[in-house]
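Start counting the sequence shown at -14; every next residue gets the next number (this note's numbering).
We put the beta carbon where it would ideally sit given N, CA and C, even for glycine.
Working notes, structure below.
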Amino acid sequence: MAGPVSAGTRQAARRRVAHVGRQVGVDATLLGLYDLAGRTAQRHRLEIRSVTGFRICSAADAAELTGWLIEHVTHTERREEKVRAELLTRCFATAVEPPTTDRVRLSATMRFFTARPEQRGRKASE
């Protein structure tokens, strides 16, 4: 769900990164050097999940989150940044590590194309 991000959102993210950096004694400007795809980052995410009680987003979680978005959010909200914010809130409430944007899009697309016509807003005869 890439899209425009407001300056306020970026500033809030910078403040959160700086806060965590102070807690762990790391300069927040070094975040850009952190390899988010490497084994160290994977181990760090595992440690964070074990402390916080969060779990990796499974296929079943992704399907549930997609269904929840379709049922409760996207029928009234279409702006990607707002939908993403609702998704992150739901993930936090259910202790699920947020899925990647591509995974959410794929799950939503598959759900749309496997739905019956009346679930897609069409009549069965169309």
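Asked	Found
For Val58, does the three-state DSSP call read helix, strand or coil?	coil
Which residues in the same chain as Ala13 place their Cβ atom closer than 6 Å to its Cβ, once the five residues preceding and following it in sequence are excluded?	Val2, Ala3 and Gly6
Give the straight-line distance between the Cα atoms of Glu51 and Gln(-4), rounded to the nearest whole angstrom.	Correcting the residue identity first, residue 51 is Thr in this sequence and not Glu. Going by the C-alpha atoms only, they are around 28 Å apart.
Is it buried or exposed for Ala44, if we count other Cβ within 10 angstroms and need 16 for buried?	exposed
Taking a contact to mean a Cβ-Cβ separation below 8 Å, would you say Leu54 touches Leu72 in this structure?	yes
So, is Ala(-2) buried or exposed, given that buried needs 16 or more other C-beta atoms within 10 angstroms?	exposed
Determine the closest residue to Phe112 out of Leu91, Arg75 and Arg88, with distance taken between C-alpha atoms.	Outside the shown range of the chain (-14 to 111) lies residue 112, about which nothing can therefore be said.
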